[in-house]
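Since the structure comes first, as structure tokens, the remarks are kept for the end.
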């Protein structure tokens, strides 16, 4: 009963296989297990869908095509032609986050994206990539993104620090958004579900019935909302990656 | 002074107020515009989600402060 009503218990990382290399703890955890499952699912599905390719796609193949062209569409809309080399990157990010979020929706399964270690790494990688690509494409001219054109010099003294702060807060907000949404949603689900045992403890069988009739529809509704959030956050992460890449690829603004 | 960090965490929830107003404004304006010119609405869906995500981040910063106050101070 205690485990069932503790909303934070689902986020505990536990070791499945103890591994120690050179003093570093690199144990295989339940978090790592679900990352591997997610990646294998994506690769397996795409390999299966493209194994028997035809000019007229069958059902599985057209699902994979919709998936791919959805991401390619975002990149084309935001980055236009220079964004083409980055379609595989954005596709991988979207697929990994989407599958991790969806696996987390199964009861008692682990949500990899509800840990800031995972989402924070992806965010830092994305912003690091923007800086590297920007420096490679434009050289030192990349830093013009901090100095908007057509702004009077006096205003630049204020605008430039603001632009620098907003650039530096991007990895934080990008990682925090995904992490906080997944954590918040799952905690809310567990808290609502915890109403049923509390009611049952307080009122006995009547409480169990009331909990079932009143709380259960609420949980079903919130779960449906969580599925929407799972997709939306993966979409938002992919789209923000494109928007940030635009600083490195697009014209100076 | 014990426990005041919990008060701070509660106050950090006020960030939700601002995020709620902001996100509500964005979707209200989008619907407003979409009802007036439905044919132009689909092209602006990406902008809608972008604005939603950027606004929501500020509410999430409040959540981060609450987490820091409870677990890290």
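Residue numbers (this note's numbering), protein chains in the order written: chain A, 1 to 253; chain B, 1001 to 1073. Think of the CB as a built atom: it goes at the ideal place given N, C-alpha and C, for glycine as much as any other residue. Predicted model only: the values in this text are computed from it and were never measured.
- In this structure, the straight-line span from the alpha carbon of residue 1005 (chain B) to that of residue 30 (chain A) is close to 32 Å.
- Judged by their CB atoms, residue 205 (chain A) and residue 7 (chain A) are not nearer to each other than the 8 Å cut-off.
- In terms of beta-carbon proximity, residue 1002 (chain B) stays away from the interface with chain A, with every pair separated by 8 Å or more.
- Annotation: residue 57 (chain A) to residue 11 (chain A) spans about 41 Å, alpha carbon to alpha carbon.
- Residue pairing from DSSP leaves residue 168 (chain A) without any beta-bridge partner.
- Here the alpha carbons of residue 96 (chain A) and residue 65 (chain A) stand approximately 17 Å from one another.
- For the beta strand (DSSP E) assignment, the uninterrupted runs of no fewer than 3 residues enclosed by the stretch 9-48 of chain A are, from N- to C-terminal side, 15-17.
- Residues of the stretch 44-76 of chain A that bring their beta carbon within less than 8 Å of a beta carbon in chain B comprise 74, in sequence order.
- Given a length threshold of 4 residues, each whole run of the alpha helix (DSSP H) inside the stretch 125-212 of chain A is given here in chain order: 153-168, 170-203 and 205-210.
- For residue 1046 (chain B), the residues of chain A that pass the 8 Å Cβ criterion are 74, 77, 78 and 239, in the order they occur in the chain.
- Contact between residue 102 (chain A) and residue 175 (chain A) is absent: CB atoms are separated by about 20 Å, not below the 8 Å threshold.
- Comparing alpha-carbon positions, the option among A:91, A:138, A:232 and A:248 lying closest to residue 69 (chain A) turns out to be A:91.
- Spanning the alpha carbons of residue 21 (chain A) and residue 108 (chain A) requires a straight line of approximately 30 Å.
- Taken through DSSP and simplified to helix, strand or coil, residue 114 (chain A) comes out as helix.
- Between the stretch 43-60 of chain A and the stretch 120-137 of chain A, the count of C-beta pairs closer than 8 Å stays below three; the two stretches do not touch.
- The continuous stretches of alpha helix (DSSP H) do not include residue 50 (chain A), and DSSP gives it neither H nor E.
- For residue 248 (chain A), no CB of chain B lies under 8 Å from its own CB, so it is not counted at the interface with that chain.
- A check of alpha carbon separations from residue 63 (chain A) across A:17, A:78 and A:42 identifies A:42 as the nearest.
- Counting along the chain, residue 65 (chain A) sits inside the alpha helix (DSSP H) bounded by residues 59-79.
- Excluding its 5 nearest sequence neighbours in each direction, residue 233 (chain A) has C-beta neighbours in its own chain below 6 Å: 178 and 181, listed in chain order.
- In this structure, DSSP gives residue 220 (chain A) a helical state, which the three-state scheme calls helix.
- Contact check for residue 1053 (chain B) against residue 240 (chain A) passes: the beta carbons are separated by less than 8 Å.
- Contact between the stretch 1008-1024 of chain B and the stretch 156-163 of chain A is absent, with fewer than three C-beta pairs closer than 8 Å.
- Residue 247 (chain A) counts as buried, since at least 16 other C-beta atoms from the protein chains shown sit within 10 angstroms of its C-beta.
- Nearest C-alpha to residue 1019 (chain B) among B:1070, B:1064 and B:1060: B:1060.
- The C-beta separation of residue 111 (chain A) from residue 186 (chain A) comes to about 6 Å, placing the pair in contact by the 8 Å criterion.
- By the neighbour-count definition (other C-beta atoms within 10 Å, threshold 16), residue 1057 (chain B) is a buried residue.
- For residue 1066 (chain B), the closest alpha carbon among the candidates B:1045, B:1029, B:1011 and B:1046 is that of B:1011.
- Considering only A:86, A:78, A:230 and A:116, the residue with the shortest C-alpha distance to residue 99 (chain A) is A:230.
- Judged by DSSP in its simplified three-state form, residue 1032 (chain B) adopts helix.
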